[in-house]
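Undergrad: These protein sequences, in sequence, are chains A and B.
Numbering-wise (the working numbering), the first sequence opens with residue 1102 and increments by one.
Numbering-wise (the working numbering), the second sequence opens with residue 1102 and increments by one.
Protein chains: 2
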Amino acid sequence: MSTKKISEGTISRLFIYLREITALVRMNIRTISSAELGERTNLTDAKVRKDLGQFGQFGVSGSGYDTGELKVALERILGKDKTWNVAVVGTGQLGSALLAYPGFKQHKLSVVAAFDADTKKIGKKISGVMIDSIEDMPKIIKEKKISIGVVAVPSESAQDAAEKLVAAGVSCILNFAPTSLSMPEKVKVKDVDLSRELETLSYFLANKR
Amino acid sequence: MSTKKISEGTISRLFIYLREITALVRMNIRTISSAELGERTNLTDAKVRKDLGQFGQFGVSGSGYDTGELKVALERILGKDKTWNVAVVGTGQLGSALLAYPGFKQHKLSVVAAFDADTKKIGKKISGVMIDSIEDMPKIIKEKKISIGVVAVPSESAQDAAEKLVAAGVSCILNFAPTSLSMPEKVKVKDVDLSRELETLSYFLANKR
DNA sequence: GTATGTGAAGTAATTCACAGCT
DNA sequence: AGCTGTGAATTACTTCACATAC
């Protein structure tokens, strides 16, 4: 495990490569050059090589990368060999949709707990997941070894929900509330904000020549 | 309208500032410094000033920014004064959810058409929007002056759906398929890929010290 | 000949730091 | 005195280009 810092961009592209490589392996294509891989992912050959180069030397001069080997290497680098437990805070419209979302399982993330401030909901199940009281969060997060917390509450309560998750021991937050959380350095926060994506499109339309 | 290129990062932060400023105006706070605005948005004072500085001089030395003025300026810059028409291609689980999603309307985007390849669905309505045949896309996109296309089809059909949208005249694509689209320079593509966000979290967990 | 891996060059984004305005 | 606007310095990211390996 090297010590130099890897950029978010690189990580996110590694997943793109992995997806493509997986498809190639399925198609029985054994070898691929950085140029071809770049073509297929709409990236440049240099970027492909630089990204991969940060983790070791996977290629063979003159012929390219072995798809099978690269797939295994990327899976290891990206931690696709382990499963992580997830808790969702907030079980409104969005929270419920997330509890039903199959993508978590597909990415080796297992949603094992849900929390809601509304006492009427506690004890009920959504998509097979029991809704617990916020008060029980510390105990449950520890017991179930949960490392990812999903914030699916309104903006006003988002900071509070995130702080409770972190206090209980999670180290990653996936934030769906359209507000910026302040969190200690060591906590990884990922904002998912569809509104902002939409807004960016409006800007582009308003300002294109 | 200046001619220098504005980065995506800046645009996306302007929306963050606007959100905060709107809250401040509601709270009757008349003036704010870049340092305070940075504090509230978890950004630095210098970044706030640099971002705003690209569009003009909105501040007053010694006192800061007038929240009311800044709000109006940001709204104008970001095109929040116009409404844009949207078409959704694909009316499966995701497409249907998007047709029901209130966020479009909130951001002055109006979903006025939906398309699906499945002939059994054509003529039906989802959340009040009629599902049309892909064949009618060119006509409908033009008639309804649609400028944003949302791709909510499986990966295999995503490139094709996007090309049809562009051929029909849209200039922005919001892509929900986990695949990279190749599109002409002039088309703005925005990828929304929850899977990739989730995967990035796994990486962080797998690799934290 | 073909394609990698990687320093060096070139761009872009961020942070610093301060002159100048109120 | 307080805070903006902005060049200059720094840091991060990307692209170039080529020596090296097969």
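Even glycine gets a Cβ: it sits at the ideal position worked out from N, Cα and C.
In terms of alpha-carbon separation, which member of B:E1137, B:C1273, B:I1232, B:K1246 lies closest to B:S1164?
TA: Taking only the C-alpha atoms, the option nearest B:S1164 is B:E1137.
Undergrad: Express the C-alpha separation of A:Y1118 and A:I1133 in angstroms, rounding to a whole number.
TA: Each residue's Cα considered, the two are about 11 Å apart.
Undergrad: Below 7 Å on C-beta distance, what does B:R1297 contact in chain A?
TA: Those are S1113, F1116, listed as they occur along chain A.
Undergrad: Candidates A:A1174, A:R1141, A:G1169: which alpha carbon is nearest A:Q1155's?
TA: Nearest option by C-alpha distance: A:A1174.
Undergrad: Would you list, in sequence order, the uninterrupted alpha helix (DSSP H) runs of no fewer than 4 residues that lie entirely inside the region 1109-1163 of chain B?
TA: List check, alpha helix (DSSP H) in window: 1109-1127, 1135-1142, 1146-1154.
Undergrad: Between A:L1301 and chain B, is the shortest Cβ-Cβ distance under 8 Å, so that the two count as touching?
TA: Strictly speaking, residue 1301 of chain A in this sequence is Thr, with Leu absent from that position. Closer than 8 Å: yes.
Undergrad: Chain A partners of B:P1279, CB-CB under 8 Å?
TA: Chain A residues near B:P1279: R1120.
Undergrad: Is A:M1102 helix, strand or coil by DSSP?
TA: Note on A:M1102: pLDDT 43, under 50, position unreliable in the model; the coordinate value appears next. The answer is coil: DSSP assigns A:M1102 none of H, G, I, E or B.
Undergrad: Which residues of chain B have a Cβ atom closer than 7 Å to the Cβ of A:V1293, listed in chain order?
TA: Those are L1295, E1298, listed as they occur along chain B.
Undergrad: What is the DSSP secondary structure of A:V1267, reduced to helix, strand or coil?
TA: Correct three-state label for A:V1267: helix.
Undergrad: Taking a cut of 8 Å between CB atoms, which residues from the region 1209-1239 of chain B lie near chain A?
TA: Within the region 1209-1239 of chain B, the qualifying residues are K1209, L1210.
Undergrad: Does the beta carbon of A:L1306 come closer than 8 Å to any beta carbon on chain B?
TA: Yes, its Cβ sits closer than 8 Å to a Cβ of chain B.
Undergrad: Can you tell me whether A:K1291 sits near the ligand NAP, meaning its C-beta is under 7 Å from at least one heavy atom of the ligand?
TA: Absent from the structure shown: the ligand NAP. Ligands present: none.
Undergrad: Thinking C-alpha only, which one of B:V1267, B:V1230, B:E1257, B:I1227 is nearest B:I1242?
TA: Here the closest residue by C-alpha is B:V1267.
Undergrad: Strictly below 9 Å CB to CB, what residues from chain B border A:I1130?
TA: Here the premise fails: no neighbours, minimum Cβ distance about 17 Å.
Undergrad: Look up B:D1182 in the DSSP assignment and say whether it is helix, strand or coil.
TA: Residue state, collapsed to three classes: coil.
Undergrad: Name the two residues that bound the continuous beta strand (DSSP E) containing A:A1214.
TA: Segment 1210-1217, the beta strand (DSSP E) holding A:A1214.
Undergrad: Which residues, in chain order, does the region 1247-1275 of chain B contribute to contact with chain A at a C-beta distance below 8 Å?
TA: Cβ contacts with chain A come from S1248, I1249, S1272, C1273, L1275.
Undergrad: DSSP three-state call for B:L1316: helix, strand or coil?
TA: Residue 1316 of chain B lies beyond the residue range present for chain B, which begins at 1102 and ends at 1310; the question has no answer from this structure.
Undergrad: Does B:K1291 come out as helix, strand or coil in the three-state DSSP assignment?
TA: Residue state, collapsed to three classes: strand.
Undergrad: Roughly how many whole angstroms lie between the Cα atoms of A:S1211 and B:G1191?
TA: Each residue's alpha carbon lies about 28 Å from the other.
Undergrad: Determine, using beta-carbon pairs with one atom in the region 1282-1301 of chain A and one in the region 1251-1267 of chain A, whether at least three such pairs fall under 8 Å.
TA: Verdict: yes, contact present.
Undergrad: Listing by chain order, which chain A residues have their CB less than 9 Å from the CB of B:G1204?
TA: Those are L1295, S1296, L1299, listed as they occur along chain A.
Undergrad: Give, in chain order, every residue of the region 1165-1179 of chain B whose Cβ lies closer than 7 Å to some Cβ of chain A.
TA: Taking 7 Å as the Cβ-Cβ cut-off against chain A, the residues of the region 1165-1179 of chain B that qualify are L1179.
Undergrad: Determine the contact status of B:R1306 and B:A1253, defining contact as a CB-CB distance below 8 Å.
TA: A small fix is needed here, since residue 1306 of chain B is Leu in this sequence, not Arg. No. Outside cutoff.
Undergrad: Under 7 Å, CB to CB, which of the residues in the region 1133-1148 of chain A have a partner in chain B?
TA: Result list: T1142, N1143.
Undergrad: Report all residues from its chain with a CB closer than 6 Å to the CB of B:S1103; omit the five preceding and five following residues, and keep chain order.
TA: Only weak support is given to the placement of B:S1103: the predicted model assigns it a pLDDT of 44, under 50, and the question is left unresolved by the model.
Undergrad: Which residues mark the beginning and the end of the beta strand (DSSP E) in which A:M1231 is found?
TA: A:M1231 -> beta strand (DSSP E) spans 1230-1234.
Undergrad: Quick one, are the C-beta atoms of B:A1218 and B:I1235 less than 8 Å apart?
TA: Yes, these two residues count as a Cβ contact at 8 Å.
Undergrad: So that I know if they touch, is there some Cβ in chain B lying closer than 8 Å to that of A:K1289?
TA: Yes, because at least one Cβ of chain B sits closer than 8 Å to the Cβ of A:K1289.
Undergrad: Any idea what DSSP makes of B:V1173, helix, strand or coil?
TA: Reduced to three states, the DSSP call for B:V1173 is helix.
Undergrad: Whole angstroms are fine: how far does the CA of A:E1121 sit from the CA of B:A1215?
TA: When rounded, the distance between both Cα atoms is 29 Å.
Undergrad: Identify the continuous beta strand (DSSP E) that holds B:S1248 and give its terminal residues.
TA: 1247-1252 is the span of the beta strand (DSSP E), which, as asked, contains B:S1248.
Undergrad: Where does B:V1161 land, buried or exposed, given buried means 16+ other C-beta within 10 angstroms?
TA: With fewer than 16 Cβ atoms within 10 Å of its Cβ, B:V1161 is classed as exposed.
Undergrad: Check whether the Cβ of A:S1103 lies closer than 8 Å to any Cβ atom in chain B.
TA: Reliability of the predicted coordinates at A:S1103 is poor, the pLDDT of 46 falling under 50, and no value is obtained from them.
Undergrad: Assuming B:N1186 and B:I1247 form a contact by the criterion Cβ under 8 Å, report the distance between their Cβ atoms to the nearest whole angstrom.
TA: Correct: roughly 4 Å between the Cβ atoms.
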